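Visitor: One structure is given below, represented as structure tokens, and several questions about it will come after.
Residue numbers (the UniProt record's numbering): 1 to 1179.
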């Protein structure tokens, strides 16, 4: 081990650091085996995280096994020589409230985890694998994590299980528009480039094909691993509260002994791989430059229009490939400018013209996508309106007209000033960037950044993730006022690059829509009438490719378009570049001198304080020294309006109209870090909610403008044009249509709110109200909402004192007007429905819009949310689920790619949930498996001794809770009612730590619960309840409220069935699995022929005429007779049969079988449940 400590190369770098992370320490070095390592000591965060990225991916797949790299990613974590148990890693991470993930792209594979840094032993979850009883949880998991890259086992049973996981992931991707678009790029790309190949893998490519070729998958995986998982192609990032020296010791102990795998390099000297300077690293380039002989898009792959058939989406994309260039550093800067100019939303922009003026698009956005280390594409994405679908020519003409008029023909002086301002804005946003809410996401992103060419990014910009204009190589000397000549030169280069990249000869058009006749909308630009129509054999996509003569579009350019104007100077930019550079230098200097040790620094958490109140308003304030921004939320709740579908829809239309007035005029403020969002009432009452954030110096100006616009719109409803009203109405309709088309988990969670909360209207009721809405109804709603009696709830948080908070409060209070007579009124407080004891409710949703996956949301009620005992038991039970549910249902039983569990908080009730999304199994089967799991879990808990129960569950819960470890399923968990975005908001809306804490606190203010004692605004639990809880007492609670054998258990199972054609596909997959497990090989053509004759039915009669001879010859009779047995064989049970018999005896005869004691109560709709349940009112 001493050799590892001696051979290390440290690179002293003064990193540019955002203010929010200035209390952290950083160190970067290369291990003797070549791994580039970055350490972050963050004493203010008690979560430890690690990420390892290797320059190996699907572009390394052998042609005969598509998806092998993806399978390797999955199988690598299923046991190693040091940690042989298949699921020990996942189980341990989940047991301590952590999370883990991995992904494979074309050029790299990344693995990452996070877990609370808890001192003490790991408990007895993996007693045989923890030799050091004093080893911390983080150290133990890091050691397990490191073993993946040394000695994986790649056992046959694990490989098969992971093939099923990969296949389910493949099925889940079928409905994602982003996945569809990404795959569509492959159809247009250079067919000789690895990018063009199918990469995800499925059961056919990973099981059937290798078997037919007589390949041993374990051998193939070992060959792949030894060939490509080499340490000099790896980057490692570790973050935690420990000191940098402690983190470095952990790194050396665990990762220095990862050796090269190739026998050709047995005699190499490890110190030979060490580089002298950090800027010498370009891992992706070094790994792939000899493999790519040509770019992803050659000239013959351009000037194409690709149409993809989709039932659910109408989108248009313009793709601009950016070819490899020696000026990559400059092009990195140009890409950000292109995104800002073309994606600008201010008045006179392309966005304002296409969306507001012409109603051709619902949204427009620009982003960059990296296909390889040297092949980027700039993508302009538009969600089309019905009018836009029929005017694609006009959209294309407008886009290229805008590029020509605003960029290409722009003067160097104007463009130079703009570039200078953008440089200042980028620096400002970096300085005040909020800390990442999820440490794992941060370490994963940094591990990817380290794979890039560091000389292009510049070493000091690693934390920023990109280079900037302040670069010595570019001879930067100051902003436009200091050196206008330099900025004019930069403008000239930028405009020249624009003419090369953003031109009609260097792009492709992608259309995603249900109507192939849209191709005719661009027939004027067609070189010929020849179409190439095909169907992707892997992704089941129908598409058509047509050559387009884009050069002809230039002939139709008008000389000048009055709708377009260059972005105006930003009135919200209050800093000079010189001052910003000084701030960056000072922060970086502070970070470079940090030397404290483990947990030397801790962020104190304040609570909101009531600073002003009356019967009609309340103002709360919370000062935070750790942030430079202010965040304020205000909810105006009507006392006159009664909740109804009409009122709900009316408020949403009002928000749309107001938001459309705000978005273009406030866009300059958004660029420099101000944001706004408008919500309907967070407590589902007749209310409107506003959330804004930004810097103190222009905060009041920004806020006052918003209040003015709200008052202007709501005071003059009759002045709203018919066009604006219809546009807002259509936007609300599209929102609800998207909910109908949303993926199953999101839809199921939304459904649970409809079933279990008071005053939530169904989609059917809302859409009916939307059809009935008119200006007169809207005017009445607006009058009652803002101009009659209402209650105002205000919460102001951040770096703002009491006096300034009162100023902000006064501006917010001007939002409405009050009547003098307000005696004897009471604010409504909606409640939640309390399920009847002994009821197992089931609702089946067989809507054809449910997508390609089956989903179940299984909820078990614990009791009233106001009861601290119920809250604590719900949290503790959720902790147990987090340990076992995902590992058992996803990893072992392979029910689906997405499995989640946790504590679900409604307004006045609480409970636990399990949700599964599966591309293979239907919801009935998923429901039975969840109940079977709960049965097994009860038996398992009974088996634990009191001491083991304390060590494994009670202590881990208490420690992880006290370590402020908030679960990360933000869309499912948390104390606020909704985990959704505002109805209308700035294009950049905050999603960091401050926002989630703020919205959690504000939820408690508007719902009048005021539970501020919990971690980060989460609901308070009483740790003493768990400390004093015995195993027997918890089993009694479990047996009464959670057990499937209980006759008092209350549960709701929401089951979403996939589309009919996908069910058929799932049946095919199931049959293929069984054929494979039985060692039977059937060709793809024969299999389709068999299914056709059998009408895709799994139940074949014995010797019936429908049974194809090929099936009989392959032994299908054996398969069909043992279908259930084959499935059960895949399910690993918690306990052996002998132990099970002993435990069931002790628990009583009722536990002899896993059949639930309660039969299902089938619901036809939510109203039936509401009639049978009572409301749990606030005390």
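The beta carbon of each residue, even a glycine, is placed where N, CA and C say it ideally should be. All figures in this text were calculated on a predicted structure; none of them were measured in a lab.
Which word fits residue 888, buried or exposed, when buried means at least 16 other C-beta atoms lie within 10 angstroms of its C-beta?
Guide: On the chain shown, residue 888 is found 888 positions in, with the first residue counted as 1. It is buried - the Cβ of residue 888 has at least 16 other Cβ atoms within 10 Å.
Visitor: Based on the DSSP output, what are the partners of residue 638 in its beta bridges?
Guide: Counting from 1 along the chain shown, the entry for residue 638 is found at position 638. Answer is 790.
Visitor: Give me the Cβ distance between residue 278 and residue 13, rounded to the nearest whole Å; I'm assuming they're in contact under 8 Å.
Guide: Numbered from its first residue, the chain shown carries residue 278 at position 278. Numbered from its first residue, the chain shown carries residue 13 at position 13. Confirmed, Cβ separation roughly 6 Å.
Visitor: Looking at the strands, I want to know which residues DSSP matches up with residue 909.
Guide: For the purposes of this step, residue 909 is taken as the residue at position 909 of the chain shown. Note: residue 909 sits in a beta bridge opposite 864.
Visitor: Measure the C-alpha to C-alpha separation of residue 285 and residue 323 and round it to an integer number of angstroms.
Guide: Numbered from 1 along the chain shown, position 285 holds the residue referred to as residue 285. Numbered from 1 along the chain shown, position 323 holds the residue referred to as residue 323. Their Cα atoms are separated by approximately 15 Å.
Visitor: DSSP three-state label for residue 212, please.
Guide: For this step, residue 212 is matched to residue 212 along the chain shown. Residue 212 falls in the helix class under three-state DSSP.
Visitor: Alpha helix (DSSP H) containing residue 78: first to last residue?
Guide: Position 78 of the chain shown, counted from the start, is the residue given in the question as residue 78. Element bounds for residue 78: n/a, residue is neither H nor E.
Visitor: State buried or exposed for residue 1030, treating a residue as buried only when at least 16 other CB atoms are found within 10 Å of its CB.
Guide: The residue labelled residue 1030 in the question sits at position 1030 within the chain shown. So residue 1030 counts as exposed.
Visitor: Give the range of the beta strand (DSSP E) segment to which residue 511 is assigned.
Guide: Taking the first residue of the chain shown as 1, we reach residue 511 at position 511. Per DSSP, residue 511 belongs to the beta strand (DSSP E) from 508-513.
Visitor: Have a look at residue 485 and residue 659 and give me their C-alpha separation to the nearest angstrom.
Guide: Reading the chain shown from its first residue, position 485 is the one you call residue 485. Reading the chain shown from its first residue, position 659 is the one you call residue 659. Their Cα atoms are separated by approximately 40 Å.
Visitor: I need the straight-line Cα distance from residue 1128 to residue 1151, nearest angstrom please.
Guide: As a position in the chain shown, residue 1128 is number 1128, starting the count at 1. As a position in the chain shown, residue 1151 is number 1151, starting the count at 1. Reliability fails at residue 1128, whose pLDDT of 43 lies under 50, so the model's placement of it is uncertain and no value is given.
Visitor: Residue 646 and residue 457 look like a contact to me (Cβ under 8 Å); what is the Cβ gap, rounded to whole Å?
Guide: Along the chain shown, read from residue 1 onward, the residue named residue 646 stands at position 646. Along the chain shown, read from residue 1 onward, the residue named residue 457 stands at position 457. Going by Cβ atoms, the distance from residue 646 to residue 457 rounds to 54 Å, so no, they are not a contact pair.
Visitor: With a cut-off of 8 Å, do at least 3 Cβ pairs link the stretch 741-750 to the stretch 718-726?
Guide: Contact between the stretch 741-750 and the stretch 718-726 is absent, because fewer than three Cβ pairs lie under 8 Å.
Visitor: For residue 680, does the three-state DSSP call read helix, strand or coil?
Guide: Against the chain shown, residue 680 aligns to sequence position 680. Residue 680: strand per DSSP, three-state reduction.
Visitor: Going by beta carbon distance, what residues of the same chain come within less than 8 Å of residue 627, once the five residues before and after it are set aside?
Guide: Residue mapping note: residue 627 aligns to position 627 of the chain shown, counting from 1. For residue 627, where only same-chain residues beyond five positions count, the Cβ hits under 8 Å are 20, 434, 798, 799, 994.
Visitor: Anyone know if the C-beta pair for residue 633 and residue 795 falls short of 8 Å?
Guide: Reading the chain shown from its first residue, position 633 is the one you call residue 633. Reading the chain shown from its first residue, position 795 is the one you call residue 795. Yes.
Visitor: Compare the C-alpha of residue 732 against each of 654, 708, 919, 666 and name the closest.
Guide: By 1-based counting over the chain shown, the position of residue 732 is 732. Taking only the C-alpha atoms, the option nearest residue 732 is 654.
Visitor: Since residue 172 is in the alpha helix (DSSP H), which residue starts that stretch and which ends it?
Guide: Locating residue 172 in the chain shown gives position 172, counting from the first residue. Element bounds for residue 172: 156-172.
Visitor: Check whether the Cβ atoms of residue 439 and residue 45 sit closer than 8 Å, and answer yes or no.
Guide: For the purposes of this step, residue 439 is identified with residue 439 of the chain shown, where counting begins at 1. For the purposes of this step, residue 45 is identified with residue 45 of the chain shown, where counting begins at 1. For residue 439 and residue 45, yes; Cβs fall inside 8 Å.
Visitor: To the nearest angstrom, report how far apart residue 767 and residue 751 are at their CA atoms.
Guide: Start at 1 with the first residue of the chain shown, and residue 767 comes out as number 767. Start at 1 with the first residue of the chain shown, and residue 751 comes out as number 751. Going by the C-alpha atoms only, they are around 16 Å apart.
Visitor: Considering only residues of the same chain and omitting the five flanking positions on each side of residue 1159, which have a CB-CB separation below 8 Å?
Guide: Residue mapping note: residue 1159 aligns to position 1159 of the chain shown, counting from 1. Correct list, in chain order: 840.
Visitor: Can you give me the start and stop residues for the beta strand (DSSP E) that residue 839 sits inside?
Guide: Locating residue 839 in the chain shown gives position 839, where the first residue counts as 1. Start and end: 839-845.
Visitor: As an exercise, report each continuous alpha helix (DSSP H) stretch of at least 4 residues that is fully enclosed by the stretch 702-755, in chain order.
Guide: Here the runs fully enclosed are 722-741.
Visitor: Below 8 Å on the Cβ atoms is my guess for residue 315 versus residue 384; work out the distance and round it to an integer in Å.
Guide: Position 315 of the chain shown, counted from the start, is the residue given in the question as residue 315. Position 384 of the chain shown, counted from the start, is the residue given in the question as residue 384. Correct: roughly 7 Å between the Cβ atoms.
Visitor: Would the beta-carbon of residue 1006 fall within 8 Å of that of residue 635?
Guide: Numbered from 1 along the chain shown, position 1006 holds the residue referred to as residue 1006. Numbered from 1 along the chain shown, position 635 holds the residue referred to as residue 635. It is a contact, given that the beta carbons lie within the stated cut-off.
Visitor: Which residues does DSSP pair with residue 239 in a beta bridge?
Guide: To locate residue 239, count along the chain shown from 1; it is residue 239. Answer by DSSP bridge pairing, in chain order: 40, 49.
Visitor: Residues in the same chain with beta-carbon distance under 6 Å from residue 54, minus the five sequence neighbours each way, listed in chain order, please.
Guide: The residue given as residue 54 occupies position 54 in the chain shown. Correct list, in chain order: 109, 229, 233, 234.
Visitor: Which residue spans inside the stretch 928-959 form an unbroken alpha helix (DSSP H) run of at least 4?
Guide: As far as the stretch 928-959 is concerned, its whole alpha helix (DSSP H) runs of at least 4 residues are 946-949.
Visitor: Apply the 10 Å Cβ neighbour rule to residue 303 and answer buried if 16 or more other Cβ atoms are within range, or exposed otherwise.
Guide: The sequence position of residue 303 within the chain shown is 303, counting from 1. Buried: at least 16 other Cβ atoms inside 10 Å.
Visitor: Have a look at 42, 705, 706, 462 and flag the residue whose alpha-carbon is nearest the alpha-carbon of residue 243.
Guide: Taking the chain shown and counting its residues from 1, one reaches residue 243 at position 243. Nearest of 42, 705, 706, 462 to residue 243, Cα basis: 42.
Visitor: Exposed or buried, what is residue 590 when buried is set at 16 or more other beta-carbons lying within 10 Å of its beta-carbon?
Guide: Translated into the one-based positions of the chain shown, residue 590 becomes position 590. Exposed.
Visitor: Out of curiosity, what's the CA-to-CA distance linking residue 429 and residue 57?
Guide: Counted from its first residue, the chain shown places residue 429 at position 429. Counted from its first residue, the chain shown places residue 57 at position 57. Approximately 33 Å between the Cα atoms of the pair.
Visitor: Excluding the 5 residues preceding and the 5 following residue 538 in the sequence, name in chain order all residues of the same chain whose CB lies nearer than 6 Å to its CB.
Guide: If you number the chain shown from 1, residue 538 lands on position 538. Hits under 6 Å: 198.
Visitor: Answer with buried or exposed for residue 90, where buried requires no fewer than 16 other C-beta atoms within 10 angstroms of its C-beta.
Guide: As a working note, residue 90 is residue 90 in the chain shown. Flag for residue 90 reads buried.
Visitor: Can you look up residue 902 in the DSSP assignment and give me helix, strand or coil?
Guide: On the chain shown, residue 902 is found 902 positions in, with the first residue counted as 1. In this structure, residue 902 counts as strand in the three-state DSSP scheme.
Visitor: Closer than 8 Å is the cut-off here; do at least three beta carbon pairs connect the stretch 332-342 with the stretch 60-74?
Guide: They do not touch, by the three-pair rule.
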